């Protein structure tokens with residue numbers, strides 16, 4: 001008598017079926033991982049191409065002497081900016097601006113850039 005494991009024909013075909021299923025699911029996972037990696041790489045390159053900066057411009061509609069930033073913020077937001085502050089009596093508006101990259105790959109800074 002053999003003390004080993006006996007695998008009959010039916011068992012072999014079932015085993016082949018299970019291995020084929022497992023193999024195809026591994027290929028699917030590998031393909032899915034490749035797609036996720038490609039999307040991640042694309043997003044990384046996209047993020048490196050544009051840097052967000054804070055741009056500052058003088059308010060176009062604020063009247064009078066700016067001494068309370070709350071009023072300045074309200075006026076700047078009504079002009080489409082994200083915020084504002086008083087500086088030497090003038091209302092200065094802030095908004096996020098994006099540095100563009102030219103064809104040579106050099107960053108072009110916005111005109112009124114706050115560093």
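In full-length UniProt numbering, the protein residues as written are 1 to 115.
Think of the CB as a built atom: it goes at the ideal place given N, C-alpha and C, for glycine as much as any other residue.
All figures in this text were calculated on a predicted structure; none of them were measured in a lab.
| Which residue's Cα is closest to the Cα of residue 58: 98, 30, 67 and 85? | 85
| task | Report the rounded CA-to-CA distance for residue 140 versus residue 30, giving the unit in angstroms. | result | Residue numbering for the chain in the displayed model covers 1 to 115; residue 140 lies beyond these limits and cannot be assessed.
| field | Residues of its chain near residue 62, where Cβ-Cβ distance is below 7 Å and the 5 sequence neighbours each way are ignored | value | 72, 75 and 91
| request: Please list, in chain order, all residues of the same chain as residue 77 whose beta carbon is under 8 Å from its beta carbon, the five residues on each side excluded. | output: 83 and 84
| said: Which same chain residues end up closer than 8 Å to residue 79 when comparing Cβ atoms and leaving out the 5 residues on each side of it in sequence? | reply: 59, 60, 61 and 93
| Given that a residue counts as buried once 16 or more other Cβ atoms are within 10 Å of its Cβ, and exposed if not, what is residue 98? | exposed
| By how many angstroms is the C-alpha of residue 87 removed from the C-alpha of residue 67? | 8 Å
| Cβ neighbours of residue 81 in the same chain (closer than 7 Å, five flanking residues each side left out) | 93, 94 and 95
| message | Suppose the cutoff is 7 Å on Cβ atoms and the five residues either side in sequence are ignored; what does the same chain contact list for residue 65 look like? | response | 89
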